[in-house]
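See structure below.
Numbering (my numbering), first residue to last: 1185 to 1377.
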């Protein structure tokens, strides 16, 4: 029994020595242990093309990672281009609206059929932006909204109040100074007399 352990220990020491020797050769670059191991496995029936499949897998993996990086770069470029196009579209739409305000189309003139589809779309977008701004103003703290509204012309204040809900207007009015509120109310009443 003692002799069996001795033989087993001897075999184990030989295997460890071979592994150390191959590791040192691999470290020095003399032998590629991975290729050597794959070649050794290829002598086993059923695993004869393992080394080729391993190299093919490495090449596929590298190719896929390159393609993925290329696709990500293209996607980033497309996102940048889309953002730039949206920015340009907004700019041109604003310019067009400004021009249309300066040069209004009279409905009864010959050759004009009212608003074009682009003008309608621009007007809808402008109204949506106004509603968004008013919703933002209405969602502000009443004290802050009151401070902002006090700095605006009275006609603008009336337009804003007409668009907001009554509860929002009430909260904003409560935060305004009494003198300003009295003046605003008097001006509003004078308008309807």
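All C-beta atoms in this analysis are idealised placements derived from N, C-alpha and C, irrespective of residue type, glycine included.
Looking at the secondary structure, which residues open and close the alpha helix (DSSP H) in which residue i lies?
| i | result |
| --- | --- |
| residue 1357 | 1350-1358 |
| residue 1233 | Run containing residue 1233: none; DSSP gives neither H nor E here. |
| residue 1207 | 1186-1212 |
| residue 1324 | First-last for residue 1324: undefined, no H or E at that position. |
| residue 1369 | 1362-1375 |
| residue 1228 | Here residue 1228 belongs to no alpha helix (DSSP H), and DSSP marks it neither H nor E. |
| residue 1340 | 1338-1347 |
Applying the 10 Å Cβ sphere with the 16-neighbour rule, what's the burial state of residue i?
| i | result |
| --- | --- |
| residue 1267 | exposed |
| residue 1349 | exposed |
| residue 1352 | buried |
| residue 1329 | buried |
| residue 1344 | buried |
| residue 1202 | exposed |
| residue 1228 | exposed |
| residue 1333 | buried |
| residue 1195 | exposed |
| residue 1356 | buried |
Can you check whether the CB of residue j is closer than 8 Å to the CB of residue i?
| i | j | result |
| --- | --- | --- |
| residue 1199 | residue 1206 | no |
| residue 1277 | residue 1306 | yes |
| residue 1326 | residue 1359 | yes |
| residue 1209 | residue 1215 | yes |
| residue 1250 | residue 1281 | no |
| residue 1284 | residue 1303 | yes |
| residue 1318 | residue 1273 | no |
Rounded C-beta distance between residue i and residue j? I'm assuming under 8 Å.
| i | j | result |
| --- | --- | --- |
| residue 1368 | residue 1341 | 7 Å |
Against chain B, does residue i count as a neighbour if the rule is that its beta carbon must be under 8 Å from one of theirs?
| i | result |
| --- | --- |
| residue 1337 | Chain labels in this structure do not include chain B; a single protein chain is all it has. |
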